[in-house]
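*Asks:*
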Amino acid sequence: MDCIKCNSSQVRVIDTRAKGTRRIYRRRVCMMCGFRWTTVELPVGDVRQAVDAVNGLEERRGKKHTAKR
Ligand SMILES: [Zn+2]
23 MDCIKCNSSQ VRVIDTRAKG TRRIYRRRVC MMCGFRWTTV ELPVGDVRQA
73 VDAVNGLEER RGKKHTAKR
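This note's numbering applies: residue 23 is where the sequence shown begins, and numbers increase by one.
1. DSSP state of V51, grouped into three classes?
2. Taking all protein chains shown into account, do 16 or more other C-beta atoms lie within 10 angstroms of the C-beta of C25, making it buried, or fewer, making it exposed?
3. Rank T61, I46, R45 by C-alpha distance to the C-alpha of V33 and give the top, closest one.
4. In the DSSP assignment, find the unbroken beta strand (DSSP E) run with D37 in it and report its ends.
5. May I ask whether a heavy atom of ligand 1 can be found less than 7 Å away from the beta carbon of S30?
Structure, rendered in structure tokens:
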């Protein structure tokens with residue numbers, strides 16, 4: 023996975039932790055610009071849950087949340 027800030031491929035995983043048996047959180051750091059972020063990995067078929075998790079994060083950060091149904 024490339025850096026989401028500068029698109030560099032010089033990215034390292036500095037921490038991996040599992041939540042339960044299904045979700046894996048990976049802490050990543052870019053070697054080029056130093057940006058750090060976290061990715062969530064889910065088994066195939068859990069896309070719906072992944073979307074919900076992202077929406078939850080956005081809400082907690084106070085961003086506007088618009089759900090389309
Ligand atoms: Zn970067």
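For glycine and all other residues, C-beta sits at the position ideal for the given N, C-alpha and C. Predicted, not measured: the structure shown is a model, and the values here were computed from it.
*Replies:* Answer, in terms of the structure:
1. Here V51 carries a strand assignment [DSSP, helix/strand/coil].
2. With 16 or more Cβ atoms within 10 Å of its Cβ, C25 is classed as buried.
3. Taking only the C-alpha atoms, the option nearest V33 is T61.
4. For D37, the enclosing beta strand (DSSP E) starts and ends at 33–41.
5. Yes, Cβ of S30 sits closer than 7 Å to a heavy atom of ligand 1.
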